[in-house]
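A.B. asks:
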Amino acid sequence: MFSIDIRDKETIDKLKLSIPQDEIQGGVEIIVSNQISEADKNNIIDSFSEEKLKELLEKAQTIKIELFKEDSDQLENLMSYFLEHLKINKLQIVSRESDIKISTLTYCLQIIQKTKDQLQSLSIDFSKSNSNVEILHKIGDNLQGLSELTHFYFNFSSNPIGKAKELGKFGKQLEQNSKINKLIELSINMSNMHMGHANVHSYTEFIMKNGQTLKKLDLNLENCSIEKKGTESIKKMIQNVCQVQEFKLNISNNGLMDLFIKDMLRAFTLKNDYQIQRIEILLSGNYLSHEVCEFIHSTFVHNSLSSMTYLHLNLSKNKINNKALEYLSKILEDSNNLKQFKLDVSNSREKIEGINRIVESLNKAKNVQDIQIGIRGLGIQRTDIQNFIQQIENVKYLQLSRFILDIDDSLLQNSDSPFSIVKKDLIFINQSFI
9 MFSIDIRDKE
19 TIDKLKLSIP
29 QDEIQGGVEI
39 IVSNQISEAD
49 KNNIIDSFSE
59 EKLKELLEKA
69 QTIKIELFKE
79 DSDQLENLMS
89 YFLEHLKINK
99 LQIVSRESDI
109 KISTLTYCLQ
119 IIQKTKDQLQ
129 SLSIDFSKSN
139 SNVEILHKIG
149 DNLQGLSELT
159 HFYFNFSSNP
169 IGKAKELGKF
179 GKQLEQNSKI
189 NKLIELSINM
199 SNMHMGHANV
209 HSYTEFIMKN
219 GQTLKKLDLN
229 LENCSIEKKG
239 TESIKKMIQN
249 VCQVQEFKLN
259 ISNNGLMDLF
269 IKDMLRAFTL
279 KNDYQIQRIE
289 ILLSGNYLSH
299 EVCEFIHSTF
309 VHNSLSSMTY
319 LHLNLSKNKI
329 NNKALEYLSK
339 ILEDSNNLKQ
349 FKLDVSNSRE
359 KIEGINRIVE
369 SLNKAKNVQD
379 IQIGIRGLGI
389 QRTDIQNFIQ
399 QIENVKYLQL
409 SRFILDIDDS
419 LLQNSDSPFS
429 IVKKDLIFIN
439 QSFI
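Here it is in structure tokens:
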């Protein structure tokens with residue numbers, strides 16, 4: 009995607025002379041802002057009226073609107089010009105600032121309605137923008153009639169909405185106003201909003217209402233005080249999105265107990281027609297023990313998830329011990345089609361000594377190719393890591409092509425070659441996963 013920021017006069021002037029044909033083949037994104045003057049607006053319109061830049065307008069299908077505190081008198085005129093000259097199918101509305109004028113937001117939301125019959129992708133990102141209840145409800149009222157929408161991303165994370173009932177009201181707006189028949193990908197991020205368990209229901213109902221065509225689902229309810237009833241709503245949702253191929257759920261830092269998670273995960277074993285290939289379950293910072301890990305093992309090696317090839321489990325900052333790690337490691341040897349496995353047990357509240365149990369499972373793994381293990385904050389010594397790495401290199405199965413080990417940075421300090429025995433084409437230290 010080739011991006012053009014309309015505030016970047018230098019780039020626009022260069023484009024008048026030469027269009028990078030190879031770069032625009034993947035489409036063109038035009039970044040628009042209310043942070044422009046009338047002179048800037050006139051210059052942009054004049055520039056794009058020239059023959060050379062008309063070629064870009066033919067390729068441009070994405071508009072990204074970045075909102076700032078400034079008055080937006082020129083935004084409407086500029087957007088009217090672009091809407092007249094290009095047929096957009098992707099719209100992004102982004103704000104990171106507080107005190108966005110309602111009039112500015114209203115106009116942006118009107119654009120959604122003006123393009124609703126052609127929009128295929130809509131992204132609204134107001135995370136950490138200090139937005140208020142009025143803005144939230146304005147957005148909720150304008151998500152109707154999106155007949156062609158296939159991708160919807162909504163991020164309202166970390167905003168100071170003080171009343172949980174207002175978040176529930178917005179969820180109801182989504183549920184009641186938005187029936188999207190062609191939705192393929194959905195991402196909702198309401199993390200750090202403390203909505204309470206009662207209001208989780210409206211969001212999961214919205215997902216189920218639009219779940220018949222979903223292939224990719226990402227729901228982030230980290231630090232939302234969802235409690236037992238919240239996990240019950242999520243359980244019901246999981247049962248009703250069988251056709252999803254990629255599923256990510258973040259319910260970290262919710263004070264959840266073993267019983268709640270076990271009941272929620274049971275949803276994965278109640279049907280046999282799941283098509284999920286990639287699963288990410290983030291449970292960091294709860295009150296989970298080895299008991300739930302035994303259940304996690306039995307869940308993710310169940311026949312109902314036989315199509316799963318990628319599994320990411322984050323159980324950091326829980327009460328994970330050697331017994332728990334044994335259950336988690338056995339997923340490697342008991343899952344028939346798993347190819348990529350990512351596990352984080354960092355900063356456990358209990359002592360873990362048996363990290364070598366992972367290697368035992370590797371020797372029995374059938375198809376695993378990529379592994380990342382996070383073991384920070386466990387008090388593991390340098391010699392333990394050396395021994396662990398040496399054992400990994402002796403794993404019999406040739407399918408393993410990469411092993412990433414995420415360890416304390418202090419173990420890498422004060423040495424020119426901290427792990428000289430590491431095979432550079434197999435084992436990597438503190439690198440990002442896929």
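Take 9 as the starting number for the sequence shown in my numbering and just add one per residue.
Ideal Cβ placement from N, Cα and C applies to all residues, glycine included.
All values reported here derive from a predicted model rather than from experimental measurement.
(1) Leaving out the 5 sequence neighbours to the left and right, which residues in its chain are closer than 7 Å to residue 270 when beta-carbon positions are compared?
(2) Between which residues of its own chain and residue 313 is the CB-CB distance below 7 Å, once the five residues before and five after are set aside?
(3) For a quick check, are the C-beta atoms of residue 123 and residue 75 less than 9 Å apart?
(4) Just to confirm before moving on: does the CB-CB distance between residue 164 and residue 188 stay below 9 Å?
(5) Can you find at least 3 beta carbon pairs, one from the region 170-186 and one from the region 96-111, that sit closer than 8 Å?
(6) What's the C-alpha gap between residue 296 and residue 392?
(7) By Cβ distance below 8 Å, which residues in the same chain neighbour residue 135 in space, the five residues on each side in sequence not counted?
(8) Go to residue 315, then tell me how far its beta strand (DSSP E) extends in each direction, as first and last residue.
(9) Could you check the C-alpha separation between residue 399 and residue 367 for me, to the nearest Å?
(10) Mind checking residue 311: buried by the 16 CB within 10 Å criterion, or exposed?
(11) Taking only three categories from DSSP, how would you classify residue 86?
(12) Check this for me: beta carbons of residue 267 and residue 224, under 9 Å apart or not?
(13) Cβ of residue 23 within 9 Å of Cβ of residue 65?
(14) In this structure, does DSSP put residue 411 in helix, strand or coil?
(15) Where does the unbroken beta strand (DSSP E) through residue 163 begin, and where does it stop?
(16) Give every residue of the same chain whose Cβ lies closer than 7 Å to the Cβ of residue 147, excluding the five residues on either side of it in the sequence, and list them in chain order.
(17) Inspect the beta-carbon positions of residue 255 and residue 213 and report whether they are closer than 9 Å.
(18) Ends of the alpha helix (DSSP H) at residue 330?
(19) Bridge partners of residue 295, per DSSP?
(20) Given a cut-off of 9 Å, decide if residue 376 and residue 396 are closer than it, judged by their beta-carbon atoms.
(21) Alpha carbon to alpha carbon, what distance is there between residue 54 and residue 11?
(22) Quick one: Cα of residue 236 to Cα of residue 360, how far?
(23) Out of curiosity, what's the CA-to-CA distance linking residue 138 and residue 77?
(24) In terms of residues, what are the limits of the beta strand (DSSP E) holding residue 47?
(25) Given a threshold of 16 other Cβ atoms within 10 Å of its Cβ, counted over all protein chains shown, does residue 338 qualify as buried or as exposed?
(26) May I have a chain-ordered list of the alpha helix (DSSP H) segments no shorter than 4 residues that lie completely inside the region 165-221?
(27) Do you know whose CA, among 259, 241, 177 and 439, lies nearest residue 447's CA?
(28) What are the boundary residues of the alpha helix (DSSP H) that residue 96 is part of?
(29) In whole angstroms, what is the alpha-carbon distance linking residue 89 and residue 52?
(30) Pick helix, strand or coil for residue 438, following the three-state DSSP scheme.
(31) Taking the alpha-carbon of residue 241 as reference, which of 272, 232, 202 and 260 has the nearest alpha-carbon?
(32) Thinking C-alpha only, which one of 253, 232 and 257 is nearest residue 243?
(33) DSSP three-state label for residue 123, please.
(34) Quick check on residue 69: does DSSP put it in helix, strand or coil?
(35) Just reading off the alpha helix (DSSP H) that residue 4 is part of, what are its end residues?
C.D. replies: Concretely, from the data shown:
(1) 300 and 303
(2) 276, 282 and 284
(3) No.
(4) no
(5) no
(6) Answer to the nearest angstrom: the Cα atoms are 26 Å apart.
(7) Here the set comprises 104, 163, 164, 165, 166, 167 and 197.
(8) No beta strand (DSSP E) holds residue 315; DSSP gives it neither H nor E.
(9) 7 Å
(10) Residue 311 comes out exposed.
(11) helix
(12) Their beta carbons are not under 9 Å apart, which means residue 267 does not touch residue 224 by this criterion.
(13) no
(14) strand
(15) Residues 159-163.
(16) 117 and 132
(17) no
(18) From DSSP, the alpha helix (DSSP H) with residue 330 extends over 330-342.
(19) 265
(20) The answer is no: Cβ separation not under 9 Å.
(21) 19 Å
(22) Each residue's Cα considered, the two are about 28 Å apart.
(23) Approximately 12 Å, taken between the alpha carbons.
(24) Not the beta strand (DSSP E): residue 47 falls in the alpha helix (DSSP H), residues 46-57.
(25) buried
(26) 172-185 and 205-217
(27) Only positions 9 to 442 of the chain appear in this structure, which leaves residue 447 out of reach.
(28) Where residue 96 is concerned, there is no enclosing alpha helix (DSSP H), given that its DSSP letter is neither H nor E.
(29) Those two C-alpha atoms are separated by around 10 Å.
(30) coil
(31) 272
(32) Looking from the CA of residue 243, the closest CA among 253, 232 and 257 belongs to 257.
(33) coil
(34) In this structure, residue 69 counts as strand in the three-state DSSP scheme.
(35) Past the boundaries of the shown model lies residue 4; the chain is included only from 9 to 442, so the question cannot be answered.
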